[in-house]
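For the sequence shown, the positions run 30 to 477 when our numbering is used.
What follows is a set of notes on a single structure, which appears directly below.
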Amino acid sequence: MNSQEYIQEIITQVEKRNPNEVEFNHAVKEVLNSLEPYFNRNPHLINKGILERIVEPERQIYFRVAWLDDLGKVQVNRGFRVQFNSALGPYKGGLRFHPSVNQSIIKFLGFEQIFKNALTTLPMGGGKGGSDFDPKGKSDNEIMRFCQAFMSELYRHIGSDVDVPAGDIGVGAREIGYMYGYYKKIQNLHTQGVLTGKGILYGGSLVRTQATGYGLVYFVENMLNDINETFKNKQVVVSGSGNVAIYAIEKAQSLGAKVIACSDSNGYIYDKNGLDLNVIKKIKEVNRGRISDYLIDIPNATYVEGFRNIWSIPCDIALPCATQDELDLDGAQQLVKNGCKIVAEGANMPCTQEAVNYFLKHYVYFGPGKAANAGGVATSGLEMSQNSLRLSWTFEEVDQKLKQIMNEIYQSAKTTAVNYNDPNNLVLGANIAGFNKVAQAMLAQGIL
Ligand code: NDP
Ligand code: 2IT
Numbered sequence: 030m031n032s033q034e035y036i037q038e039i040i041t042q043v044e045k046r047n048p049n050e051v052e053f054n055h056a057v058k059e060v061l062n063s064l065e066p067y068f069n070r071n072p073h074l075i076n077k078g079i080l081e082r083i084v085e086p087e088r089q090i091y092f093r094v095a096w097l098d099d100l101g102k103v104q105v106n107r108g109f110r111v112q113f114n115s116a117l118g119p120y121k122g123g124l125r126f127h128p129s130v131n132q133s134i135i136k137f138l139g140f141e142q143i144f145k146n147a148l149t150t151l152p153m154g155g156g157k158g159g160s161d162f163d164p165k166g167k168s169d170n171e172i173m174r175f176c177q178a179f180m181s182e183l184y185r186h187i188g189s190d191v192d193v194p195a196g197d198i199g200v201g202a203r204e205i206g207y208m209y210g211y212y213k214k215i216q217n218l219h220t221q222g223v224l225t226g227k228g229i230l231y232g233g234s235l236v237r238t239q240a241t242g243y244g245l246v247y248f249v250e251n252m253l254n255d256i257n258e259t260f261k262n263k264q265v266v267v268s269g270s271g272n273v274a275i276y277a278i279e280k281a282q283s284l285g286a287k288v289i290a291c292s293d294s295n296g297y298i299y300d301k302n303g304l305d306l307n308v309i310k311k312i313k314e315v316n317r318g319r320i321s322d323y324l325i326d327i328p329n330a331t332y333v334e335g336f337r338n339i340w341s342i343p344c345d346i347a348l349p350c351a352t353q354d355e356l357d358l359d360g361a362q363q364l365v366k367n368g369c370k371i372v373a374e375g376a377n378m379p380c381t382q383e384a385v386n387y388f389l390k391h392y393v394y395f396g397p398g399k400a401a402n403a404g405g406v407a408t409s410g411l412e413m414s415q416n417s418l419r420l421s422w423t424f425e426e427v428d429q430k431l432k433q434i435m436n437e438i439y440q441s442a443k444t445t446a447v448n449y450n451d452p453n454n455l456v457l458g459a460n461i462a463g464f465n466k467v468a469q470a471m472l473a474q475g476i477l
């Protein structure tokens, strides 16, 4: 059997075994299809059962989360944790609270996380979890009761050397605080390394809040550097206005870029003078409001309903930082038509496969999420290190380490792409570099 047949056989098997899991099948195809040249060079790995095992989670946990809302009514949500691969270290990956969460979404995120974590250079396996709970419109007490109910089951499956969750969509410092507090109470253990993204007062790391957005911009700096460019005076469009988007905007602005648009799930704002990030932080981090509120402070800006239309704005650099499949072929065509040179994914799989293929074909330099947004989990890894040491590093120390890691991730994706004679294909570079580490570790540890 040759590489192509082997890969096709596994893809067909995954489709058959996981029908209707659209996102998971997309993620598997995206990774496996870029591994053909790798298996061509390493044919001895074809009969070792690596792909067969890597597409099957080591363990999947589903549970009921029952909680009382403010009206005293019982609410029931679904809880998920997928412990996908532990070849490189304890399972590591975020928790997502969003009504769209289902088995397919958690599995796609867990699968991506395996290779992303491998690229960080830190010893972390891949996992992901969450719930179909919708935090929008819930009171602070409801959020707390939900987080406690969620942790009352999750606690038995996690641990600092077992599985270390963190935040993702709908889960930030507030939610991690409630979950950490409850874990500590029911376990009677201050084992800080069990969750990352904690508050600074009880074991959190400086820079973790900023890390994904900052890391994305550090990654793009490397991309720009390779084409003899910088962020200075570049027009940048960022989708989303959550944790990743806000700190991507902050770092890009500090490097001299003009960020002219961002969005939420209802629509986008366009401010030709450059976004006022303090207004956005007030709306999203303090008031938990809608991005359309930007016009209250900045009446000259424009608000447009429908978040997908953001890609029609002419820009040099586009950073999708909201959610999966938010940038489709239509968006990609508009970006290319308007002369966009760089697209890098702050979110997980925000570009559809058609969009990615279109970028690669039209010489847009493309940074795939598992490399470009790895700064968040990398800094989670640094938080785990500090927890083990029982020490806290300064902001500058952590930021420096984050920058170093992002440079290394870029170099590893780039050199692998060059080595495989496709020098501008960072999708291929990141997938092969990440996969190779996990495959080698799996081989060394025997058939598990
Ligand atoms: P947040 O919850 O802080 O923000 C999410 C943003 O995306 C909000 O603006 C939200 O709008 C928008 N959004 C979410 N879901 C949808 C949807 N279905 N349709 C349209 N817009 C949507 O999450 P993060 O910023 O943490 O996460 C953003 C992305 O980055 C996700 O893909 C996540 O997996 C990825 N990521 C996050 C990391 C982290 O450390 N937090 C690390 C690496 C990747 P609204 O408020 O209207 O819902
Ligand atoms: O998608 C991601 O990498 C995250 N949500 C961060 C995971 C983590 O463990 O910090």
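For every residue, glycine included, the Cβ atom is placed at its ideal position computed from N, Cα and C.
Asked	Found
Inter-residue CB distance, I278 and V288 (contact presumed, cutoff 8 Å)	5 Å
Straight-line Cα distance separating V236 from Q415	13 Å
Three-state secondary structure assigned by DSSP to A286	coil
One or two residues paired with S160 in a DSSP bridge	G108 and F126
Bridge partner(s) assigned by DSSP for P349	S268
Outcome for Y392 when other beta-carbon atoms lying within 10 angstroms are tallied against a minimum of 16	exposed
Short Cβ contact (7 Å threshold) for G396 with A373	yes
Alpha-carbon spacing of A141 relative to Q132, whole angstroms	Reading off the sequence, residue 141 comes out as Glu, not Ala. Going by the C-alpha atoms only, they are around 14 Å apart.
Touching by the beta-carbon criterion (3+ pairs, under 8 Å), the stretch 214-233 and the stretch 251-259	no
Near the ligand 2IT: A459 beta-carbon under 6 Å from a heavy atom	no
Spatial distance of S168 from F162 (CA atoms)	13 Å
Per-residue DSSP class, three states only, for E182	helix
Counted within 10 angstroms of its Cβ, other Cβ atoms place T381 as buried (16 or more) or exposed	buried
Where S294 falls: helix, strand or coil (DSSP)	coil
C-alpha gap between I134 and M471, whole angstroms	25 Å
Chain-order list of residues whose beta-carbon lies under 7 Å from that of R174 (same chain, five-residue window excluded)	W96 and L97
Proximity below 7 Å, CB of A240 to CB of V265	no
Outcome for T444 when other beta-carbon atoms lying within 10 angstroms are tallied against a minimum of 16	exposed
DSSP state of V191 mapped onto helix, strand, coil	coil
Nearest-angstrom beta carbon gap, N307 and P343 [assumed within contact, 8 Å]	Not confirmed; about 25 Å, so no contact.
Minimum C-alpha distance to N54 - residue among P66, L148 and K136	K136
For N49 and V84, the rounded distance between their alpha carbons	16 Å
Neighbour-count burial assignment, L148, 16 or more Cβ in a 10 Å radius	buried
Residues near V191 by beta carbon distance below 8 Å, same chain, minus five either side	P119 and Y120
Cβ-heavy atom distance, G199 to the ligand 2IT, below 6 Å	no
Whole-angstrom C-beta distance between N295 and E355, which should lie under 8 Å	So it is not a contact: roughly 13 Å between Cβ atoms.
Cα-Cα separation, S189 to I327	45 Å
Short Cβ contact (7 Å threshold) for G480 with K261	Past the edges of the chain, shown from 30 to 477, lies residue 480, and the structure says nothing about it.
Y91 - partner residues in DSSP beta bridges	F109
As assigned by DSSP and simplified to three states, the class of F395	strand
V273 CB to nearest heavy atom of the ligand NDP below 6 Å	yes
Beta carbon of S32 nearer than 7 Å to that of N69	yes
Coarse secondary structure for V427, derived from DSSP in three states	helix
S294: CB within 6 Å of a non-hydrogen atom of the ligand NDP	yes
Presumed contact (8 Å Cβ cut-off) between F113 and E81, rounded CB distance	Incorrect: roughly 14 Å between the Cβ atoms, too far for contact.
From G271, V427 and V60, residue whose alpha carbon lies closest to that of K310	G271
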